[in-house]
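Counting in the working numbering, the sequence shown runs from 2 upward without gaps.
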Amino acid sequence: MKLNYRDKVILGIVLALFIIIGGYIGLIKPKRAAIKDNEEKRTEVQDEQDRIERRIATGTQLEKDIEEAQKKASSLGEIFVEKSDIDRTTLLDKFMQEYANKCECEVIELKVDDLAANTLAYYYEQYVDVAPSLRESADINGTLQEKMEADSKEASTIEGRNVETIISTRYGLTVVGTKANVWKYMDMIADYDEAVLITSIGMEKYNEEGDEKKQAAQNNQNNQQQGQNNQQNSDQQRENLEDDTVIKSDIVISLYSIYNMEKPEFKD
2 MKLNYRDKVI LGIVLALFII IGGYIGLIKP KRAAIKDNEE KRTEVQDEQD
52 RIERRIATGT QLEKDIEEAQ KKASSLGEIF VEKSDIDRTT LLDKFMQEYA
102 NKCECEVIEL KVDDLAANTL AYYYEQYVDV APSLRESADI NGTLQEKMEA
152 DSKEASTIEG RNVETIISTR YGLTVVGTKA NVWKYMDMIA DYDEAVLITS
202 IGMEKYNEEG DEKKQAAQNN QNNQQQGQNN QQNSDQQREN LEDDTVIKSD
252 IVISLYSIYN MEKPEFKD
């Protein structure tokens with residue numbers, strides 16, 4: 002069959018259309034699908050990256066908060082005695098040797114308590130609601146109730162606090178020296194640290210011929226039983242003694258310590 006010019010043109014157009022359609026179906030359409038699929042994957046990857054970056058930002062802030070809490074805890078713990086000092090009786094050696102030598106005093110007897118965990122007691126004025134029925138009768142506008150709640154708020158808050166635990170030990174020293182030097186010695190101990198407290202003092206005129214060891218043991222026992230009364234008796238004796246009078250003083254020193262919070266280490 003012989004095709005004329007018109008038929009050839011039509012056939013060429015049809016063939017061209019088939020080629021275009023076949024190329025679209027065979028090449029362009031898969032590529033478009035692949036591009037669309039890649040775009041979706043890129044969106045997923047971008048979302049995952051955003052989530053990771055948010056987690057990193059959150060983690061960084063959390064690390065900063067932890068470091069800030071550690072610094073605050075360390076700052077609050079500075080008033081306490083280093084645990085290593087009382088573990089190795091470092092301060093005891095300092096009080097017995099360096100301070101005693103500087104003040105020309107002699108430590109003739111020593112007692113050391115074991116380390117122990119004790120509660121850190123606190124005291125506050127409890128709020129007492131006096132005649133509440135009368136107050137309620139007079140409280141027409143509710144102002145008295147508001148004032149009562151405001152006045153009792155602090156006491157209620159303190160009452161609900163947990164009782165904290167602290168590490169403590171005690172040194173019992175019997176010291177001989179002039180009254181002036183003994184008080185200088187105690188002042189040096191008292192000035193050492195806020196968490197080193199002289200909790201009991203007993204003193205008497207020193208008699209070299211007496212049984213020093215027996216008397217010192219008896220004084221230490223009395224100090225533990227009498228507590229504050231010993232301090233008052235010491236004040237009275239102090240008034241009756243001259244500065245150059247040689248005295249024997251029984252001193253109880255309490256030391257308080259805590260475990261310091263370690264600096265946090267963060268792993269990548």
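The beta carbon of each residue, even a glycine, is placed where N, CA and C say it ideally should be.
- For T158, the secondary structure class from DSSP, reduced to helix, strand or coil, is helix.
- Across the structure, M204 and T158 are spaced so that their CA atoms are roughly 42 Å apart.
- About 5 Å separates the Cβ atoms of I248 and K180, confirming a contact at the 8 Å cut-off.
- In the three-state DSSP reduction, Y172 falls in the strand class (E or B).
- Here DSSP, grouped into helix, strand and coil, assigns T91 to helix.
- The C-alpha of T170 is placed about 13 Å away from the C-alpha of T91.
- Annotation for R136: L145 place their beta carbon closer than 6 Å to its own, counting only its chain and skipping 5 residues before and after.
- The three-state secondary structure of G203, taken from DSSP, is strand.
- Here A117 has I168, S169 and T170 as same chain residues with Cβ atoms under 8 Å from its own Cβ, once five neighbours each way along the sequence are excluded.
- Here Y257 carries a strand assignment [DSSP, helix/strand/coil].
- When beta bridges are read from the DSSP output, N119 appears opposite I167.
- Straight-line spacing of the CA atoms in I254 and Q62 works out to 44 Å.
- In the assembly as shown, N119 is an exposed residue. Its beta-carbon has fewer than 16 other beta-carbons within 10 Å.
- The distance from the Cβ of N182 to that of C104 is about 5 Å, consistent with a contact at the 8 Å cut-off.
- Using a 10 angstroms sphere on the CB of V176, the tally of other CB atoms reaches 16 or more, which defines it as buried.
- Partner residues in the beta bridge of E110, as assigned by DSSP, are T175.
- Cα atoms of Q71 and I190: separation of roughly 30 Å, rounded to the nearest angstrom.
- Counting of Cβ neighbours within 10 angstroms places V131 among the exposed residues, the total staying below 16.
- Non-local C-beta neighbours of T166 in its own chain, meaning closer than 8 Å and more than five positions away in sequence, comprise A118, N119, T120 and L121, ordered along the chain.
- Taking C-beta separations shorter than 8 Å and ignoring five residues to either side along the sequence, the partners of S153 in its chain run Y128 and D130, following chain order.
- Pairing K112 with Y193 gives a Cβ-Cβ distance that is not under 9 Å.
- Relative to the Cα of F96, the nearest Cα in the group M187, T200 and S76 belongs to M187.
- The continuous alpha helix (DSSP H) containing M189 extends over residues K180 to A191.
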